[in-house]
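These notes are about the structure you will find just below.
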Amino acid sequence: MTGEAIGDRAQQLRTVADAVPVQTAGNLCDQVEAVRDQLAEITGPESDIIGQTQQVVSATTDVIRALVALRTKIAEVAEHHQGGGAGPPSSGGNPTPAAPAQPEQQAPETVADEEGGVRSFPSFTAAKRTLGKRPGHELHHIVEQSQTKDHRSGFSTERINTTNNLIFLPVEVHRRITRFYASKPLGGDSTRRDSLNGTSWDHQYRRGMRAVRRALRGEDQDDRTKPDQ
9 MTGEAIGDRA
19 QQLRTVADAV
29 PVQTAGNLCD
39 QVEAVRDQLA
49 EITGPESDII
59 GQTQQVVSAT
69 TDVIRALVAL
79 RTKIAEVAEH
89 HQGGGAGPPS
99 SGGNPTPAAP
109 AQPEQQAPET
119 VADEEGGVRS
129 FPSFTAAKRT
139 LGKRPGHELH
149 HIVEQSQTKD
159 HRSGFSTERI
169 NTTNNLIFLP
179 VEVHRRITRF
189 YASKPLGGDS
199 TRRDSLNGTS
209 WDHQYRRGMR
219 AVRRALRGED
229 QDDRTKPDQ
């Protein structure tokens with residue numbers, strides 16, 4: 009096969025990879041989560057219908073992971089063709105294969121995801137001291153640190169400062185989320201942070217992860233979350 013034909017095939021494969029609907033599936037997952045949160049506010053977080061809705065969310069999340077893996081594999085094959093390899097990447101046709109292209113919509117990774125396990129710290133200071141700093145990033149709590157207070161949710165400090173509740177975010181993304189939680193929707197006296205007081209850990213974690221995903225995508229969270237108010 010000529011070099012031009014190989015290049016054409018690589019470009020075709022990249023086009024196919026871009027067509028894998030990861031973004032669409034992610035938006036669908038967000039919409040289902042928003043419906044679930046609205047139902048929780050109306051019926052209570054322990055109702056049977058919440059469990060059924062959560063099953064849909066979990067299934068959609070599995071679909072997103074599968075789509076990301078598929079797009080990564082297609083992009084990997086495209087890179088192999090671009091490099092001139094005749095067989096699949098695992099065949100050894102190219103002794104120095106190019107690194108696979110990274111999908112744009114991977115789920116945010118917590119510190120626990122990065123480390124492959126969960127650790128807990130007695131305080132946020134201890135967590136920051138152990139985990140260190142990353143240039144241009146700040147350590148963010150998915151379930152907010154303020155929820156340890158008795159007049160909020162009263163979660164233990166150790167639970168708040170577990171590595172599966174901590175994520176390194178770019179500084180501006182972190183501050184965007186902080187501003188969102190401090191905002192007062194519809195001109196009321198209560199902040200969005202206040203609206204989480206007393207709700208379950210799972211509910212707050214889902215809301216927190218959704219805020220992270222939207223902030224990373226640069227979406228306007230105020231407009232997207234009005235149905236949840």
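Just so we're aligned: the sequence shown equals residues 9 to 237 in the numbering used here. Backbone N, C-alpha and C define an ideal beta-carbon position, used for all residues, glycine too. Note that the structure is a prediction, hence the values are computed from the model and not measured.
When DSSP labels each residue in this structure, what does residue i get in the three-state scheme?
| i | result |
| --- | --- |
| E87 | helix |
| S128 | strand |
| R160 | coil |
| L204 | coil |
| R17 | helix |
| E123 | helix |
| V28 | coil |
| I58 | helix |
| T118 | coil |
| S198 | coil |
| G226 | coil |
| V43 | helix |
| I82 | helix |
| K136 | helix |
| V64 | helix |
| S191 | coil |
| I150 | coil |
| S98 | Reliability of the predicted coordinates at S98 is poor, the pLDDT of 48 falling under 50, and the value obtained from them is presented with this limitation in mind. It is helical. |
Bridge partners of residue i, per DSSP?
| i | result |
| --- | --- |
| P178 | H145 |
| T170 | S128 |
Is it right to say residue i is buried, meaning 16 or more other beta carbons lie within 10 angstroms of its own, or is it exposed?
| i | result |
| --- | --- |
| Q19 | exposed |
| H88 | buried |
| R187 | exposed |
| A190 | exposed |
| R142 | exposed |
| T32 | exposed |
| T151 | For the sequence presented, residue 151 should be read as Val rather than Thr. Under this definition V151 is a buried residue. |
| A25 | buried |
| T156 | buried |
| Q39 | exposed |
| R222 | buried |
| W214 | According to the sequence as given, residue 214 is Arg; it is not Trp. It is buried - the Cβ of R214 has at least 16 other Cβ atoms within 10 Å. |
| A94 | Interpretation of A94 is limited by its pLDDT of 47, a score under 50 that renders its predicted location unreliable; no figure is taken from the coordinates. |
| A74 | exposed |
| E266 | Residue 266 is absent from the structure shown; the chain starts at 9 and stops at 237. |
| V85 | buried |
Inter-stretch contact at 8 Å, needing at least 3 Cβ pairs: the region 164 to 175 / the region 189 to 201: no
Cβ pair count under 8 Å reaching 3, the region 136 to 146 against the region 176 to 183: yes
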